[in-house]
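Residue numbers (my numbering), protein chains in the order written: chain A, 1 to 171; chain B, 1 to 279.
For reference, the structure is listed below as structure tokens.
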Amino acid sequence: MTNIYKHIIRFVIFTFLQALVFNQLNIGFGIHLMIQPLFIMLLPFELTVIPLMGVAFLMGFFIDIFSNTFGLYTSSLVLLAYLRPIVFKFYGPREGYDPLKEPTAHDMGSGWFSIVYAILLGLHAFWFFLLEIFEIGRFGFILQKTILSGAFSFLLALLMQSFILNSKQKK
Amino acid sequence: MRNLIAFLQRFRIFLVFAVLQILALSWYVTYLSFPRNQFLTTNNDIAIQILEWEHDLTKHFNLSKNNTQLQWENIYWRKRQPKFMYQLSRNKFKIDDTLYQQQYTYIPAEVINSSVSRRNNYFTLNVGTAQGIKRGMGVFCHEGVVGVIHYASEHYSLVKTVLTEDINIDVNIHMKKSDLPGLLIWDGRDPRYGMITGINNDLRIKKWSKVETRGGSGIFPKGLPVGKVSYTEPIEGQALWKVEIRLAVDYRRLQRVYVIKNIHLAEQTALEARIPNED
């Protein structure tokens, strides 16, 4: 039961952090920090893809309402949720995932987490900026935004991971 | 029938995915062109309350800078008030006030939510239809043009800023002999630079010549600053300049704005509706 509450609290925190803090930061160079993919990434392994997409849709919906993006976050988060089991399956152990473990860098090792999260985040960011800019002629700009935002969001995710990890070890 | 059920079973995940994507994308595409449902933007009660709390926290960050700007603006207008001026030639002429009539009124507002890094950037203002805001009114700040009201609810409104794809404000490039009319657009790259389309390349454009609003559509008064020309380049195969301008307003730290109400707008549109259609 505590697991569900933990994820609900995370849902609220991640939504508000993204909508009220990271969306208001204007760093320049096309960098747009995104932490909402980390929430989808950290949901438990046993959650199947349809409820996963439901959660992603809800979260994207709330972020969209707060930032006047009209479905941009919703669409990219649903795509991320759809791709998550596929990427997990590809990089998973042969006997399947241990249901007691969580998809964090602490439980699964930082190597596994880095590869899987980098792929998911990259695809998510690419879809996001592709939709946002929506011009094939500006493909270079889309790539620039994807790579820069992806890289910085990835570092931010690692940082937040170590933060969550530390708070767990203290208990 | 059994085949159909088997098919649905097999592709159930993809079908749910497709339905959710279509929902999100239709929301995205319809909203970019026409505002339909205000509850799906920051114009709803809960989101606006939370954004107001956030604004209460963050509005103090630029306070000293904003105060200085307001002070400078006060000085600027105070200098132009007749009663503060020294009258050089007395009793020689008097200002006939019936010659000048007020055409625009201004409604002060505060930006409570903004973004500048997206492809299309919208600001939320803390004024709405209760204060007389309507769709299509112009918004500016003391430095220059900000945008046009996109949607107004009772107490809040959404501004489609200069930093959107199809803002198309009619502007003039201020030249020595004549003004060059064009349309302001934004390429989504840098919130400090905008572009102007529709400038014929038969005239040379001086760098740093001023760009101002033309006032033709009745949204903005004539002569509001927009920016300065920073770069020109001929477009290949067309008799047009590609003009890049440095925008006058720093949209990244904008807080106080004014909404323009044109008293003569109804008259102008009623008159222009009489232009005979050629088809």
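By construction, the Cβ of each residue, glycine as well, lies at the ideal position given by its N, Cα and C atoms.
Residue i bridges to which residues according to DSSP?
i	result
Glu-110(B)	Arg-256(B)
Val-21(A)	None; Val-21(A) has no bridge partner.
Met-195(B)	Ile-185(B), Glu-244(B)
Ala-273(B)	Bridge partners of Ala-273(B): none, in fact.
Thr-15(A)	Its beta-bridge partners do not exist; DSSP assigns none.
Gly-284(B)	Because chain B spans 1 through 279 in this model, residue 284(B) falls outside it and cannot be assessed.
Val-116(A)	Partner(s): none; Val-116(A) has no beta bridge.
Ser-160(B)	It should be pointed out that residue 160(B) corresponds to Lys in this sequence rather than to Ser. For Lys-160(B), which the question treats as bridged, DSSP gives the partners Tyr-122(B), Val-148(B).
Asn-200(B)	Leu-240(B)
Tyr-104(B)	Asn-262(B)
Asp-179(B)	His-174(B)
Starting from the beta carbon of residue i, find every residue of chain A whose beta carbon is closer than 9 Å, and list them in chain order.
i	result
Ser-115(B)	Asn-23, Gln-24, Asn-26, Ser-67, Asn-68, Thr-69
Gly-281(B)	Look at the range of chain B in this structure, 1 to 279, and you will see that residue 281(B) is not part of it.
Let's see if you can read the secondary structure: which residues bound the beta strand (DSSP E) around residue i?
i	result
His-174(B)	169-174
Glu-244(B)	240-247
Ile-149(B)	144-152
Lys-210(B)	210-213
What residue range does the alpha helix (DSSP H) around residue i cover?
i	result
His-106(A)	105-108
Pro-225(B)	That residue, Pro-225(B), is in no alpha helix (DSSP H); its beta strand (DSSP E) goes 225-234.
Met-53(A)	49-67
Phe-88(A)	72-91
Thr-58(B)	45-58
Arg-4(B)	It is worth fixing the name first, because residue 4(B) is Leu in this sequence and not Arg. Looking at the DSSP string, the run of the alpha helix (DSSP H) that includes Leu-4(B) is 2-10.
Ile-205(A)	Since the displayed chain A opens at 1 and closes at 171, residue 205(A) lies outside it and no answer follows.
Taking residue i as the query, report the chain A residues whose CB atoms sit under 7 Å from its CB, ordered along the chain.
i	result
Ile-13(B)	Val-49, Ile-50
Tyr-285(B)	Nothing about residue 285(B) can be reported from this structure: the residues present for chain B run from 1 to 279 only.
Arg-252(B)	Asn-26
Taking residue i as the reference, give the member of the options with the closest Cα.
i	options	result
Ile-260(B)	Leu-254(B), Arg-246(B), Ser-217(B)	Ser-217(B)
Ala-24(B)	Ile-65(A), Asn-26(A), Ile-13(A), His-7(A)	Ile-65(A)
Pro-103(A)	Ile-40(A), Val-21(A), Ile-119(A)	Ile-40(A)
Tyr-73(A)	Ile-50(A), Pro-99(A), Tyr-91(A), Ile-35(A)	Ile-35(A)
Gly-237(B)	Asn-201(B), Ile-22(B), Gly-194(B), Ser-230(B)	Asn-201(B)
Val-21(A)	Phe-7(B), His-55(B), Gly-132(B)	His-55(B)
Tyr-251(B)	Val-78(A), Gly-54(A), Gln-24(A)	Gln-24(A)
Val-87(A)	Ala-118(A), Met-53(A), Val-55(A)	Ala-118(A)
Ile-185(B)	Arg-192(B), Val-127(B), Ile-196(B), Ser-178(B)	Ile-196(B)
Ile-50(B)	Leu-17(A), Lys-89(A), Ser-162(A), Tyr-97(A)	Leu-17(A)
Asp-166(B)	Lys-210(B), His-60(B), Val-148(B), Ala-47(B)	Val-148(B)
Arg-10(A)	Leu-42(A), Leu-77(A), Ala-19(A)	Leu-42(A)
Ile-170(B)	Glu-212(B), Leu-57(B), Arg-246(B), Asn-62(B)	Correcting the residue type first, residue 170(B) is Asp in the shown sequence and not Ile. Considering only alpha carbons, the answer is Glu-212(B).
Gly-137(A)	Thr-105(B), Ser-178(B), Gly-188(B), Glu-244(B)	Gly-188(B)
Ile-133(B)	Trp-27(B), Thr-105(B), Pro-234(B), Arg-12(B)	Thr-105(B)
Asp-179(B)	Arg-192(B), Val-145(B), Gly-223(B)	Gly-223(B)
Ser-110(A)	Pro-44(A), Ala-125(A), Phe-154(A)	Phe-154(A)
His-106(A)	Leu-58(A), Ala-19(A), Ile-4(A), Leu-159(A)	Leu-159(A)
Ser-75(A)	Tyr-28(B), Trp-72(B), Asp-45(B), Lys-59(B)	Tyr-28(B)
Val-284(B)	Ile-13(A), Ile-115(A), Gly-54(A)	Coverage of chain B is limited to positions 1 through 279, which leaves residue 284(B) absent and any answer about it impossible.
Tyr-5(A)	Pro-44(A), Ala-125(A), Ile-63(A), Met-108(A)	Pro-44(A)
Starting from residue i, find everything on chain A with Cβ-Cβ shorter than 8 Å and list it in chain order.
i	result
Arg-10(B)	The premise fails here: Arg-10(B) is roughly 14 Å from chain A at the closest Cβ pair, so nothing lies under 8 Å.
Gln-21(B)	Ser-75, Val-78, Leu-79
Ala-109(B)	Under the 8 Å cutoff, chain A gives no residues; its nearest Cβ is about 16 Å from Ala-109(B).
Ala-152(B)	Within 8 Å Cβ-Cβ: nothing; Ala-152(B) doesn't reach chain A, min ~14 Å.
Mind pulling the chain E residues with CB within less than 7 Å of residue i?
i	result
Val-16(B)	Considering every chain present, this structure includes no chain E. Its protein chains are A and B.
Under 7 Å Cβ-Cβ, which residues of chain B neighbour residue i?
i	result
Leu-20(A)	Glu-54
Phe-113(A)	Going along chain B, no residue has its Cβ under 7 Å from Phe-113(A), so there is no contact; the nearest lies around 24 Å.
Leu-72(A)	Tyr-28
Phe-57(A)	Leu-20
Mind listing the chain B neighbours of residue i? Cutoff is C-beta to C-beta under 9 Å, in chain order.
i	result
Gly-60(A)	Ala-24
His-32(A)	Ser-117, Arg-118
Which chain B residues are close to residue i, counting only those with a beta carbon under 8 Å from its beta carbon?
i	result
Phe-152(A)	The premise fails here: Phe-152(A) is roughly 13 Å from chain B at the closest Cβ pair, so nothing lies under 8 Å.
Check: Do the segment 28-39 of chain A and the segment 139-152 of chain A make contact, defined as three or more Cβ pairs closer than 8 Å?
Finding: yes
Check: Taking one C-beta from the segment 266-279 of chain B and one from the segment 225-242 of chain B each time, how about it: are there three or more such pairs within less than 8 Å?
Finding: no
Margin query: Three Cβ pairs or more, each shorter than 8 Å: is that satisfied between the segment 108-115 of chain B and the segment 147-155 of chain B?
Written below: no
Next item on the list: Inspect the CB distances between the segment 53-71 of chain B and the segment 243-261 of chain B and report whether three or more fall short of 8 Å.
Entry: yes
Notebook entry, point to check: Is there contact between the segment 158-165 of chain B and the segment 113-131 of chain B, where contact requires at least three CB pairs shorter than 8 Å?
Noted result: yes
Next item on the list: Check whether the segment 69-85 of chain A touches the segment 44-52 of chain A, taking contact to mean three or more Cβ pairs, one atom from each stretch, closer than 8 Å.
Entry: yes
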